[in-house]
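A short worksheet on the structure shown next.
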Amino acid sequence: MGYNIAIDGPAGAGKSTIAKLVAKELSFIYVDTGAMYRGMAYACLKAGVDVEDEEAVSKKCQESTIEICYEEGEQIVLLNGENVNGYIRTPEVSAATSKIAVYSGVRARLLDLQKDLAKKQDVVMDGRDIGTIVLPQADLKIFLTASSAERARRRTKELLEKGQEADFEQIKKEIEERDQRDSNRKVSPLKQAEDAIFLDSSDLTIMEVVEKILSLKK
Ligand code: DC
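In terms of this note's numbering, the sequence shown opens at residue 8 and continues consecutively.
Structure, rendered in structure tokens:
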């Protein structure tokens, strides 16, 4: 069994940036589970499957394979063997992902893969249900959050820096809608594990959060 660090929290709390840095510091593998769900959502959109249709989505996910590999430390999502990293971060895929992530068939399809990755190696895994469902035995669990306004501000900045359009109010609204869906779904909702350490990153720098997590690792 590897050493497992689970980082859960809402969209835009900084999980992936922080998890990546913690993994690098410790020479652990970083596993971005959101990217796996995004890969499945992209498979549905690409095939014209209605994301409101649970049966059709579950069927599409059963037929599709998601694998991850690493190129120069970067996690690559392979959908049916094809690198889809360039397609899974659009607002359309984000919205579709939070819709399909509520379906138990979709979650079951990805759960074993996630568990397996953590069995074989030391990982920092981020998502919504890592500390509660995927790795309940994780050695260190963090619940990382920030206010919705701060998370929207960060996302807006990120998009503008990439030269993409970004409307703060719209982004904040989308973040709050996703929070609602992710927290209120029946299957594996976003929830702090009882033994997770709560960290609010609203007023902390990225490095302050990274150092805090490193200091918590036994
Ligand atoms: O972390 P992210 O923004 O890339 O996640 C995309 C969506 O996937 C988000 O709506 C929540 C969902 N998700 C999930 O349900 N369970 C996970 N372990 C990871 C992500």
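Ideal Cβ placement from N, Cα and C applies to all residues, glycine included.
Report the three-state DSSP secondary structure of residue i (helix, strand or coil).
| i | result |
| --- | --- |
| tyrosine 77 | strand |
| threonine 40 | helix |
| threonine 97 | coil |
| asparagine 87 | coil |
| aspartate 146 | coil |
| valine 217 | helix |
| alanine 13 | strand |
| leucine 151 | strand |
| aspartate 60 | coil |
| leucine 52 | helix |
| glutamine 69 | helix |
| phenylalanine 205 | strand |
| glycine 134 | strand |
| glutamine 199 | coil |
| glutamine 177 | helix |
| glutamine 82 | strand |
Among the options, whose alpha-carbon lies nearest the alpha-carbon of residue i?
| i | options | result |
| --- | --- | --- |
| alanine 102 | Glu89, Phe175, Ala48 | Ala48 |
| threonine 104 | Ser208, Ser222, Ala42, Ala13 | Ala42 |
| glutamate 172 | Thr97, Tyr77, Glu183 | Thr97 |
| tyrosine 37 | Glu184, Ser154, Val84 | Val84 |
| alanine 20 | Glu218, Asp210, Ser222 | Asp210 |
| tyrosine 94 | Gly46, Ala115, Lys67, Thr139 | Gly46 |
| methionine 214 | Gly16, Pro17, Glu32 | Glu32 |
| lysine 53 | Glu59, Val113, Val100 | Val100 |
| serine 71 | Lys225, Glu89, Glu184 | Glu89 |
Flag this pair as yes or no: are the beta carbons of residue i and residue j separated by less than 8 Å?
| i | j | result |
| --- | --- | --- |
| leucine 117 | tyrosine 44 | yes |
| aspartate 146 | asparagine 11 | yes |
| glutamine 283 | isoleucine 75 | Beyond the ends of the chain as shown, which are 8 and 225, falls residue 283; an answer cannot be given. |
| isoleucine 140 | serine 65 | no |
| threonine 40 | aspartate 133 | yes |
| alanine 13 | leucine 206 | no |
| isoleucine 137 | isoleucine 204 | no |
| leucine 86 | isoleucine 73 | yes |
| cysteine 51 | lysine 67 | yes |
| valine 29 | leucine 223 | no |
| isoleucine 178 | arginine 162 | yes |
| valine 216 | serine 208 | yes |
Whose C-beta lies closer than 7 Å to the C-beta of residue i among residues of the same chain, with five residues either side of it excluded?
| i | result |
| --- | --- |
| glutamate 61 | Tyr110 |
| methionine 8 | Lys126 |
| alanine 63 | Val56, Asp57 |
| glycine 16 | Lys22, Phe150, Leu151, Thr152 |
| asparagine 92 | Ile83, Val84 |
Cutting at 8 Å between CB atoms, please list the residues of its own chain near residue i, excluding the five before and the five after it.
| i | result |
| --- | --- |
| arginine 160 | Phe175 |
| leucine 167 | Ala173 |
| valine 113 | Tyr44, Met47, Val64, Ser65, Cys68, Ile107 |
| aspartate 202 | Gly138, Lys148 |
Give every residue of the same chain whose Cβ lies closer than 6 Å to the Cβ of residue i, excluding the five residues on either side of it in the sequence, and list them in chain order.
| i | result |
| --- | --- |
| isoleucine 182 | Ala18, Gly19, Ser155, Arg158, Ala159 |
| arginine 135 | Asp15, Asp189, Leu197 |
| aspartate 129 | Gly9, Tyr10, Phe35 |
| aspartate 186 | Pro17 |
| alanine 200 | Gly138, Thr139, Lys148 |
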